[in-house]
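The working numbering puts the first residue of the sequence shown at 7, with every later residue one more than the last.
Idealized CB from N, CA, C, for every residue including glycine.
Below: the structure, in structure tokens.
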Amino acid sequence: MSALTAVWTVATDCVPENLRHEPVHHEILGFTAYRNESKDIWRDFLKSLKKRGLKGVLMITSDAHEGIIHAISAVFPTVPWQRCRFHFLEISQTKRRKGIRRAIMPQSVCRL
Numbered sequence: 007m008s009a010l011t012a013v014w015t016v017a018t019d020c021v022p023e024n025l026r027h028e029p030v031h032h033e034i035l036g037f038t039a040y041r042n043e044s045k046d047i048w049r050d051f052l053k054s055l056k057k058r059g060l061k062g063v064l065m066i067t068s069d070a071h072e073g074i075i076h077a078i079s080a081v082f083p084t085v086p087w088q089r090c091r092f093h094f095l096e097i098s099q100t101k102r103r104k105g106i107r108r109a110i111m112p113q114s115v116c117r118l
């Protein structure tokens, strides 16, 4: 028996407090399982959201995966993109920890 790997793509909206006069509201706009995160997969996913009526998008926030960035520029060319702060901090912390380890460990240990 082999394992099946799937990538879940999820789109949510986020309406700022100052537009609704209540706490931030999130709603799932769409989700689908795919086998990878290629440019074509992301493009198809974003096109499906647009086809179902998604409009008035003010900004798209995501990780910096090449596939989604390419798809955003193809499907929503006028919508600004912003890197997700969570993913940015997660990657920067990982790199920082690696840098600290290299600074305090002998070079022979770092190469393991």
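So who's on the other strand from residue i, going by DSSP bridges?
i   : result
V81 : Answer is none; V81 lacks a bridge partner.
S68 : R89
I34 : T18
V13 : Y40
Excluding the 5 residues flanking residue i on each side, which residues of the same chain have their C-beta closer than 6 Å to its C-beta?
i    : result
G73  : E43, S44, K45 and W48
E33  : D19
M111 : The pLDDT assigned to M111 is 45, lower than 50, so where the model puts this residue is not dependable, and the model offers no usable value.
With the cut-off set at 8 Å, would you say residue i and residue j are in Cβ contact?
i   : j   : result
L52 : V85 : no
Give every residue of the same chain whose Cβ lies closer than 7 Å to the Cβ of residue i, excluding the five residues on either side of it in the sequence, and list them in chain order.
i    : result
T38  : T15 and F51
L1   : Within the shown structure, residues of the chain are numbered from 7 to 118, placing residue 1 beyond reach of any answer.
S114 : In this predicted model, S114 has a pLDDT of only 43, less than 50, meaning its place in the structure is not dependable; the value taken from the coordinates is given anyway. Once the five neighbours on either side are set aside, S114 has no close Cβ partner at all.
M65  : V85, P86 and Q88
Determine the direct distance from the alpha carbon of residue j to that of residue i, and round the result to whole angstroms.
i   : j   : result
Y40 : H71 : 15 Å
L95 : A77 : 23 Å
D69 : K57 : 23 Å
G62 : I75 : 19 Å
P83 : R91 : 22 Å
S79 : V13 : 21 Å
Our contact map puts residue i next to residue j with C-beta atoms below 8 Å; I'd like the distance itself, whole angstroms only.
i   : j   : result
T67 : Q99 : In fact, because the Cβ distance is near 19 Å, the residues do not count as touching under 8 Å.
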